[in-house]
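Note sheet for the following structure.
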Amino acid sequence: MSLPLYVTCQLITVLLTLGVLSAVLYGLRYAFLRLRLPKDKREALIRLIRIGLFMWLSILAALAWSGMFKDAGMLILGIGLVFFPPLILGVVLLRSRFFRLVLKALPPEWLIWIQTFRLFLAGMFWLGWSGGFVPLQLTFWGLNQDIIVGLSAVAAGGLFFRRRQLKFQIIVWNGFGVLLFIHAILLAFLSLPSPLQVFTNEPSAAFLTDVPFIWVPGFLFPFGLVMHFFSLKQLAGNGSKGGER
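Read in my numbering, the sequence shown has 896 at position 244, and its numbers run on one by one without any break.
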């Protein structure tokens, strides 16, 4: 294993996670302003959300440092416990009337552009494979083609909303993105050194149980999925007229 590339991938993961968090908080501030929430309420909500997000990342790091994921028999259960809570929270938010108003206040292309983080995630996986600690199947040289969504998000966010919403194209793009990301997530889970391991080539995906890589299955993976769900929900709420600018 190449230590310099390992440290580089750690740094990329930290910066990518912080970048996604910053984008989320920026988007929420924008939405709260458009909803004309009082300043004190806006700041209180942003502060609460920021604390909640950083607490979750801290919990993930603490669990990884504790060695919780080192027991092969408990590994899949442990990874499931960090992957599903954010995903469930995203689904629950879709049932909130206030959150639906927040979605409506966001520029619809933002929910497409945010998926560009997957381009950097794919780059990190490739560097990790070059460094000898990420399995080939998690890279675009192998079986993981999720980089397509990261690349296409750059253009799609502009093309789909240039003059009017291209509703069918947005649905297809989001559906394609969900399928590719689920495929990537399954590749990662089935490459972990557990009783359910399918890909037995070395190295395994055990690096995902270390800090800060635990933020990939515990935050970035579910985040990418729920952003697709939010985009589709926003589309359904806005109808064919598109989001307000």
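In this text, a Cβ means the ideal position worked out from N, Cα and C, and glycines have one as well.
Given the structure is predicted, the values throughout are model-derived calculations rather than measurements.
- A straight line joining the alpha-carbon of N853 with that of L844 spans about 11 Å.
- Take F772, set aside five residues on each side of it, and the residues of its chain with a beta-carbon closer than 7 Å to its own are I664 and L668, in chain order.
- Residue environment analysis places R770 among the buried positions, since at least 16 neighbouring C-beta atoms fall within 10 angstroms of its C-beta.
- Looking from the CA of P738, the closest CA among I800, V863, A683 and F881 belongs to F881.
- Residue state for M726 is assigned as helix, using DSSP reduced to three classes.
- Per DSSP, reduced to three states, the secondary structure at A807 is helical.
- In the DSSP annotation of this structure, the continuous segment of the alpha helix (DSSP H) that includes G827 starts and ends at K819 to F841.
- Contact annotation: the stretch 875 to 889 does not touch the stretch 715 to 732, with fewer than three C-beta pairs closer than 8 Å.
- Within the same chain, L746, R752 and L755 come within 8 Å of K885 by CB-CB distance, once the 5 residues on both sides are set aside.
- A residue is called buried once 16 or more other Cβ atoms fall within 10 Å of its Cβ, and W778 is buried on that count.
- The C-beta distance from L758 to G679 rounds to 6 Å, short enough to meet the 8 Å contact threshold.
- In the three-state DSSP reduction, I866 falls in the coil class, being neither helix nor strand.
- Around the beta carbon of Q767, 16 or more other beta carbons sit within 10 angstroms, so the residue counts as buried.
- For A857, there is no enclosing alpha helix (DSSP H), as DSSP marks it with neither H nor E.
- The alpha-carbon of R749 is positioned some 11 Å away from that of G889.
- Two segments are said to touch when three or more pairs of C-beta atoms, one from each, lie closer than 8 Å; by this definition the stretch 860 to 867 does not touch the stretch 818 to 831.
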